Amino acid sequence: MGRLSNENLALSANGNQLLLVSHYPNVISPKADKYGNIWENRVWNSQTGEVLLQETAIQRLYSSISPDGDYIINELNQTIISVS
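Structural data, given as structure tokens:
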């Protein structure tokens with residue numbers, strides 16, 4: 009899929025969430041978490057609720073999804089961020 013970019017995003021039907029367009033069930037939301045932290049991007053598995061990736065305006069990770077769709081990869085140091 010390559011780097012996560014605007015081309016891979018779509019607005020949800022209710023307009024409250026940005027959806028990551030992929031066969032992988034992720035949702036990105038800029039809202040605060042239960043601790044009050046505001047995240048610019050927060051990616052989680054919409055079926056399990058597991059947080060897969062968090063980004064703030066200061067911390068920008070260049071990420072990609074592996075060809076098999078099972079991993080999120082940090083492209084800066086080629087490490088696996090999460091395993092589905």
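Each position in the sequence shown, counted from 1, maps to that position plus 8 in our numbering.
All C-beta atoms in this analysis are idealised placements derived from N, C-alpha and C, irrespective of residue type, glycine included.
Please read these numbers as outputs of a predicted model, since none were measured by experiment.
| field | Local conformation of residue 72 per DSSP, three classes | value | Look at residue 72 here: in three-state DSSP terms it is strand.
| Beta bridge counterpart(s) of residue 61 as assigned by DSSP | Under the DSSP definition of a beta bridge, residue 61 partners with 51.
| field | Limits of the beta strand (DSSP E) - the one that residue 82 falls within | value | Counting along the chain, the unbroken beta strand (DSSP E) around residue 82 starts and ends at 79 to 82.
| field | Length of the line joining the Cα atoms of residue 60 and residue 77 | value | 13 Å
| task | Compute the Euclidean distance between the alpha carbons of residue 57 and residue 79, then round it to the nearest angstrom. | result | 16 Å
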